[in-house]
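Just so you know, the protein sequences line up as chains Y and E, in that order. Per our numbering, the very first residue in the first sequence carries number 1; after that it's consecutive. Per our numbering, the very first residue in the second sequence carries number 429; after that it's consecutive. Okay, so here's the structure we're looking at.
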Amino acid sequence: MNKMLDDDQIFNISPGRHVDLDHHCQNGGYSALAKALAQGPETSLKEISDAGLRGRGGAAFPTAEKIKMLRANTEKLRYIICNADEGEPGTFKDRFIMTHIPFQLLEGITIAAFMAGASEGYIYVRHEYPEAQKILRESIEEAERRGFLGENILGSGFSLSLKLFSGAGSYLCGEETALISSIEGKKGRPRLKPPYPTQAGLWQKPTLINNVETLANIPKIIEKSASWYRSFGTPDSPGTKLISLSGDVQNRGLFEVPFGITFAEIISEYGGGAKTGKAIKAVNIGGASGVLIPPEMLFTPLEYLACSKTGITIGSGAIFVLDDTRSILSNVQNRLRFFLHESCGKCTPCREGLRQANLILDRLLAGEAVRQDVSTLERYTRAIQEASFCGLGQAAGNSLRSSLAYYRDEYLASCRDNKPSFIEEETA
Amino acid sequence: MQNINITLNGKVTAVASEITILEAARQQGIDLPTLCHHPDQRVKANCRICVVEVEGIKNLVPSCSTRVTAGMNITTNSPRVRETVRTILELIFADHPQECLTCIRNGNCELRQIAAKFGVRDIQGEKRKHSFSQDFSTPSLVRNPDKCIKCGRCAEACHYIQNVGILYSHNRSTEISISPEYGKQLADVACVLCGQCALVCPVGAIHERDDTDRVWEALADPQKHVVVQVAPAVRVSLAEEFGFPSGEIATGKLISALRSLGFDRVFDTDFSADLTIMEEGHELLDRIANGGVLPMITSCSPGWIKYMEHYYPELIPHLSTCKSPQQMFGALAKTYYAQTSGLEAKDIIVVSVMPCTAKKFEAERPEMNASGSQDVDIVLTTRELGRMLQHEGIDFRMLPEAEFDSPLGISTGAAAIFGATGGVMEAALRTVYEVVTGKTLTDLNFTAVRGMAGVKKASVDLAGTEVKAGIAHGLANAKKILEMIKAGQADYTFIEVMCCPGGCIGGGGQPYGTTNEIRARRIQALYQVDENMPLRKSHENPAVQELYQDFLLEPLGELSHRLLHTQYCSRS
Chain Y
1 MNKMLDDDQI FNISPGRHVD LDHHCQNGGY SALAKALAQG PETSLKEISD
51 AGLRGRGGAA FPTAEKIKML RANTEKLRYI ICNADEGEPG TFKDRFIMTH
101 IPFQLLEGIT IAAFMAGASE GYIYVRHEYP EAQKILRESI EEAERRGFLG
151 ENILGSGFSL SLKLFSGAGS YLCGEETALI SSIEGKKGRP RLKPPYPTQA
201 GLWQKPTLIN NVETLANIPK IIEKSASWYR SFGTPDSPGT KLISLSGDVQ
251 NRGLFEVPFG ITFAEIISEY GGGAKTGKAI KAVNIGGASG VLIPPEMLFT
301 PLEYLACSKT GITIGSGAIF VLDDTRSILS NVQNRLRFFL HESCGKCTPC
351 REGLRQANLI LDRLLAGEAV RQDVSTLERY TRAIQEASFC GLGQAAGNSL
401 RSSLAYYRDE YLASCRDNKP SFIEEETA
Chain E
429 MQNINITLNG KVTAVASEIT ILEAARQQGI DLPTLCHHPD QRVKANCRIC
479 VVEVEGIKNL VPSCSTRVTA GMNITTNSPR VRETVRTILE LIFADHPQEC
529 LTCIRNGNCE LRQIAAKFGV RDIQGEKRKH SFSQDFSTPS LVRNPDKCIK
579 CGRCAEACHY IQNVGILYSH NRSTEISISP EYGKQLADVA CVLCGQCALV
629 CPVGAIHERD DTDRVWEALA DPQKHVVVQV APAVRVSLAE EFGFPSGEIA
679 TGKLISALRS LGFDRVFDTD FSADLTIMEE GHELLDRIAN GGVLPMITSC
729 SPGWIKYMEH YYPELIPHLS TCKSPQQMFG ALAKTYYAQT SGLEAKDIIV
779 VSVMPCTAKK FEAERPEMNA SGSQDVDIVL TTRELGRMLQ HEGIDFRMLP
829 EAEFDSPLGI STGAAAIFGA TGGVMEAALR TVYEVVTGKT LTDLNFTAVR
879 GMAGVKKASV DLAGTEVKAG IAHGLANAKK ILEMIKAGQA DYTFIEVMCC
929 PGGCIGGGGQ PYGTTNEIRA RRIQALYQVD ENMPLRKSHE NPAVQELYQD
979 FLLEPLGELS HRLLHTQYCS RS
């Protein structure tokens, strides 16, 4: 099943080429929308369900199930939100979709809205993506002019008013309830769940929130069938995944890979392996909120079940390779500082736990920490993961936890009381 | 509501299906720790110290925001839960000044109590280095942001209970703080100084300005004649400071306690509450008869007055011109009482014991000097008096019952119920009814104006004229009535507004731990006080009658106007 992708793929990736509306239509674009409108929401939804599409933002929730929850809601006004607040360092897949294949995304949003019965929608794009915002704005206008968006789409009677919303610059707004608060003009802080957005989301109305990549999958599934889609990937994880590959590899960039491929294969086949003359020391999988794994774990396949068994978080699909010149501790601290900066500050474990973890890493890197600091760091990490308010706080501890598990020696080696006691006596 | 079975610490038990894990645990006698949780507020789930283990859920879940489901298997006492809760407490402490020994909340700090309970012995985290400046800008409240644990209870009270909304959380991450806009001081924003924030703060981040030293100083000065007045609401709450159950009536012990502290005279604000009814009742009748501005709204509650001045200055003509009982007392103490007792006003120090933090501000309003100097010199809250008595080593349990001094200590049941929402209205109706109709009331209990409903209505027939009464307590409820007045939809003649939920018994200066349940018990106690009084109508108070005979001459007279009435200003 682990076939390498060639011409036949879900995302038309060719760097530097923007697929405009005409080009999109020539490649079969918007035929899926027409098909969905003709066959009705139930049939289309069954196709998505059969395809086994799961959310590509990180949580991997079955997409069809989420849409079914909206359909079960009796509220007439429903919203769709495309979460394009991609903000994890090292993750750039959504930006690529927005700037290169915007109409595949718009078509996906429109079909999803049709299936969910949503008539109004937003694409929430992070403030730091001005180019993506410009292209999407223009693409929305063009799709409206051509009857693919707006009132009475393709004469079907179905209407969708879609607007672009620019975030003000907070990583946390990628969390769905914080994102909703942000659109409502409130502080971008997470809300209590339940109620889930599918029950009471934007302005308390049922709301479907999906990641850019998830929505961009939908037109291909409708156009080419669930069984075609399942020809990629594995029975557990059908389809393909966009991988943002960066760090110490020969070829960095965005790659579409089939599920089931191992991380070692991704790094060697797509990334061309480590930089010349260097050995891989660790690989960060799943973006800043992901885990750090040692090379021996790279033979794990990219597959939701297999990864969850080994504690790997696929997350947004970012892979960052560290070669043997890198310090695990400073790499972890970089990511930690990102989360400390981006924490909303609402709950204690995330706000205070990350602050203290950062202070301990400061001491470790300065050679001032003692071995007990490492066990305190482990304990704080557990509290951050166990008890933070939202998924982002919980995930902020992933690289700490995994690095403490796999690279504990490096932590201990940095402690000033790590030397055998007789040496201490000599120097004293 | 149906019952479902859950397993709690290994024991299968049936609970109502609509409740949270926290409620279920407490019903079963397991008191999970909470900080951001408050029974009268929305669930916030910020502090995370109430987390528990639920089988099948990867992470720990906050018990305050998670509802029980059938078959749920909950563990609240596993090593995993205990470690996490202790660690979170440790993290909170690491961001805290740890000045417990010298903190005003020493002894009643919720954080400290929970930490002791959970055996937090060692704080590995690094203490935060920078310190915020404290806010001493108002006579009522002091803010110490260093001690803030960001639980959000103050902001919640300010926004949702009072609808004033001057406290916000700012910034993000470790820079998060809860303060007025742009880090301004309380005096620079439209804060009404009600102190509901201080009442719900679990730690010492916001509290009353401590004036106890000023009182000690006055008591120690042989040149000064120090008199004290006690608000109605204090007599049913002070005992809580000494471990008595809420709603304990402690009037007699309170008087003894004040005498023990060395006050020269122990008087009662209830006396001037009766006087307020005389003035306010006649003001209402005058407005009805002469086409004055109606509905007339009560003016006893200084937080409420400040709210009007900030937010609804255009409606100020609706406010009664009567001073609050505290200020009427002060003005009389330094004129009438000085005269009858042969003292000079400058030698008299008037101390108030109030359930309220805004009273400190009220006493310092520049116009409150009808006697020629500041009418009320020092205002203590119930909590401050509690601290003074503790300091003096007075064993509240052992105190004998005593009586107020006369004449400013003689009062009626009508005055006592001033402390409860609806009380002023009920007291006024008792008097106004008898004055207007010339008949004697057979049933003094106007039960329609009682209780904790946010907005209450009642209607009384006064010799053919219907008086429609409206009552609101808590500023969020008051705002509803004001908006109705603005929209011309308020079909009321007379409106009572109390700034704090439940009225003065729920004031911002009352004992910590005040909840709506406790408010209800204190209210019940006040009605008990009323029932037990030989006189229950303000106009029957002999001391008040004598005051009019010998000094004021008549309600709304010239001297009354000078001493007992005032004006308000726009602060918008």
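Backbone N, C-alpha and C define an ideal beta-carbon position, used for all residues, glycine too.
Checklist line | C-beta contact flag for L340 (chain Y) and S414 (chain Y) at 9 Å | finding: No, the Cβ-Cβ distance between L340 (chain Y) and S414 (chain Y) is not below 9 Å.
Item checked: Residue-level contact to chain Y via CB, R600 (chain E), 9 Å cutoff -> By this cut-off, R600 (chain E) is an interface position.
Margin query: Taking 9 Å as the threshold (C-beta atoms), are L621 (chain E) and P730 (chain E) in contact?
Written below: Yes. Within cutoff.
Check: Across which residues does DSSP place H993 (chain E) in a beta bridge pair?
Finding: Looking at the DSSP output, H993 (chain E) bridges to E:C750.
Check: Which of the three DSSP states, helix, strand or coil, is assigned to C586 (chain E)?
Finding: Reduced to three states, the DSSP call for C586 (chain E) is helix.
Next item on the list: Within the segment 139-179 of chain Y, note down every full beta strand (DSSP E) run reaching 3 residues or more, in order along the chain.
Entry: The qualifying runs are 161-166.
Check: In chain order, which continuous runs of the alpha helix (DSSP H) of length 4 or greater are located wholly inside the segment 573-656 of chain E?
Finding: Here the runs fully enclosed are 581-584, 624-628 and 640-648.
Next item on the list: Check the Cβ-Cβ distances between Y304 (chain Y) and every residue of chain E, and say whether any is below 9 Å.
Entry: No, because no Cβ of chain E sits closer than 9 Å to the Cβ of Y304 (chain Y).
Margin query: Suppose the cutoff is 6 Å on Cβ atoms and the five residues either side in sequence are ignored; what does the same chain contact list for D409 (chain Y) look like?
Written below: Within the same chain, and ignoring the five residues on either side of D409 (chain Y) in sequence, no residue has its Cβ closer than 6 Å to its Cβ.
Check: A701 (chain E) and A522 (chain E): beta carbons closer than 9 Å?
Finding: Going by C-beta atoms, A701 (chain E) is not nearer than 9 Å to A522 (chain E).
Notebook entry, point to check: Starting from N211 (chain Y) and walking both ways along the beta strand (DSSP E), at which residues does that stretch end?
Noted result: Here the beta strand (DSSP E) through N211 (chain Y) covers T207 to N211.
Check: In terms of alpha-carbon separation, which member of Y:G90, Y:W228 and Y:L245 lies closest to G239 (chain Y)?
Finding: Restricting attention to Y:G90, Y:W228 and Y:L245, the CA atom closest to the CA of G239 (chain Y) is found in Y:W228.
Notebook entry, point to check: Which residues bound the beta strand (DSSP E) around K409 (chain E)?
Noted result: Chain E is shown only over 429 to 1000; residue 409 (chain E) falls outside these bounds and no answer can be derived.
Next item on the list: Decide if Y610 (chain E) is buried, meaning its Cβ has at least 16 other Cβ atoms within 10 Å, or exposed.
Entry: With a 10 Å radius around the Cβ and a threshold of 16 neighbouring Cβ atoms, Y610 (chain E) comes out exposed.
Check: By a C-beta neighbour count over all protein chains shown, 10 Å radius and 16 as the cutoff for buried, is N599 (chain E) buried or exposed?
Finding: Burial call: exposed.
Check: Less than 9 Å separating the beta-carbons of I153 (chain Y) and A32 (chain Y)?
Finding: I153 (chain Y) is not a Cβ neighbour of A32 (chain Y), given a cutoff of 9 Å.
Checklist line | A279 (chain Y) burial status per 10 Å Cβ neighbour count (16 or more: buried) | finding: Classification for A279 (chain Y): exposed.
Check: Pick from E:P573, E:V655 and E:G671: whose alpha carbon is nearest that of G690 (chain E)?
Finding: Between G690 (chain E) and the set E:P573, E:V655 and E:G671, the nearest pair of CA atoms involves E:V655.
Checklist line | Beta-carbon spacing of V601 (chain E), C344 (chain Y) below 9 Å | finding: The question names Val, but residue 601 (chain E) is Ser in the sequence shown. C344 (chain Y) sits close to S601 (chain E), with the two beta carbons spaced by under 9 Å.
Checklist line | Neighbour list for L539 (chain E) in chain Y, Cβ cutoff strictly below 8 Å | finding: The contacting residues do not exist; L539 (chain E) stays about 11 Å from chain Y at best.
Check: In chain Y, which residues lie less than 7 Å from E554 (chain E) when you measure between Cβ atoms?
Finding: Simply Q356 and L359.
Check: So is C415 (chain Y) in contact with chain E if we call contact Cβ pairs under 9 Å?
Finding: No, its Cβ sits nowhere closer than 9 Å to a Cβ of chain E.
Next item on the list: May I ask you to report which of helix, strand or coil DSSP gives Y765 (chain E)?
Entry: The answer is helix: DSSP assigns Y765 (chain E) an H, G or I state.
Note to self: Among the candidates Y:R371, Y:F11 and Y:G315, whose CA atom is the shortest distance from the CA of P89 (chain Y)?
What the structure shows: Checked all of Y:R371, Y:F11 and Y:G315; the closest Cα to P89 (chain Y) is Y:G315.
Checklist line | Simplified DSSP assignment, three categories, for D468 (chain E) | finding: DSSP places D468 (chain E) in coil when its eight states are reduced to three.
Item checked: 4-residue-minimum alpha helix (DSSP H) runs that sit fully inside the segment 505-535 of chain E, ordered along the chain -> List check, alpha helix (DSSP H) in window: 507-522.
Notebook entry, point to check: Is the shortest distance between the beta-carbon of E603 (chain E) and the beta-carbons of chain Y less than 9 Å?
Noted result: Closer than 9 Å to some Cβ of chain Y, the Cβ of E603 (chain E) qualifies, so yes.
Next item on the list: Find out if the Cβ-Cβ distance for the pair K224 (chain Y), Q104 (chain Y) is shorter than 9 Å.
Entry: For K224 (chain Y) and Q104 (chain Y), no; Cβs fall outside 9 Å.
Check: Applying the criterion that 16 or more other CB atoms from any shown protein chain within 10 Å of the CB defines a buried residue, is E707 (chain E) buried or exposed?
Finding: Around the beta carbon of E707 (chain E), a 10 Å sphere encloses 16 or more other beta carbons of the protein chains shown; the residue is thus reported as buried.
Notebook entry, point to check: Name the residues in the segment 516-535 of chain E whose C-beta lies less than 7 Å from a C-beta of chain Y; which are they?
Noted result: Under the 7 Å Cβ criterion, the segment 516-535 of chain E contributes I516, L519, I520, A522 and D523.
Checklist line | Residue-chain proximity (D85 (chain Y), chain E), Cβ-Cβ < 9 Å | finding: No, no contact with chain E.
Notebook entry, point to check: Considering K66 (chain Y), what are the terminal residues of the alpha helix (DSSP H) in which it resides?
Noted result: T63 to R71 is the extent of the alpha helix (DSSP H) around K66 (chain Y).
Notebook entry, point to check: Which chain E residues are close to C344 (chain Y), counting only those with a beta carbon under 7 Å from its beta carbon?
Noted result: Close partners of C344 (chain Y) in chain E (Cβ separation under 7 Å): R600.
Next item on the list: Would you list the residues sitting across from P258 (chain Y) in a DSSP beta bridge?
Entry: Its beta-bridge partners are Y:T240.
Margin query: Please report the distance separating the alpha-carbon of N969 (chain E) from that of A444 (chain E).
Written below: C-alpha separation (whole angstroms): 51 Å.
Next item on the list: Give the interface partners of P89 (chain Y) over in chain E, defined as CB-CB distance under 9 Å, in chain order.
Entry: One finds nothing in chain E with a Cβ atom closer than 9 Å to the Cβ of P89 (chain Y); even the nearest lies about 16 Å away.
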